[in-house]
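Here is the structure we will look at.
In the numbering used here, the protein residues as written are 1 to 77.
Encoded structure:
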């Protein structure tokens, strides 16, 4: 798991698409990338723990690489 922390105490966690994810109970938003790879029966469980809103999004590989590159730049600063 990777995380990106901001000065306002916000945190972004990058979690694996496979396996069991535990330990998150106060979630404000879920951004699901490549939604087609996430089983439909996972969403009711995810939504139960979201205090804010859920965002489903499917991103192309080029945009993913751009986002990863930008996150690397931010974590080095």
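Here a beta-carbon is modelled for each residue, glycine too, at the ideal position from N, C-alpha and C.
Bear in mind the structure is a predicted one, so any value in this text is a computation, not a measurement.
query: Could you check where the beta strand (DSSP E) with residue 30 kicks off and where it finishes?
result: Locating residue 30 in the chain shown gives position 30, where the first residue counts as 1. Counting along the chain, the beta strand (DSSP E) containing residue 30 begins and ends at 27–32.
query: With C-beta atoms as the reference, is residue 26 less than 8 Å away from residue 12?
result: In the chain shown, counting from the first residue as 1, residue 26 sits at position 26. In the chain shown, counting from the first residue as 1, residue 12 sits at position 12. No, the pair does not count as a contact, with Cβ atoms beyond the cut-off.
- prompt: residue 38 by DSSP, collapsed to three states: which one?
  reply: As a position in the chain shown, residue 38 is number 38, starting the count at 1. Looking at residue 38 - three-state DSSP - the assignment turns out to be coil, as it is neither helix nor strand.
message: I need the DSSP call for residue 20, collapsed to helix, strand or coil.
response: Here residue 20 corresponds to residue number 20 of the chain shown, with the count starting at 1. Residue 20: coil per DSSP, three-state reduction.
- prompt: Leaving out the 5 sequence neighbours to the left and right, which residues in its chain are closer than 6 Å to residue 21 when beta-carbon positions are compared?
  reply: Indexing the chain shown from 1 puts residue 21 at position 21. Excluding sequence neighbours, residue 21 sits near 15.
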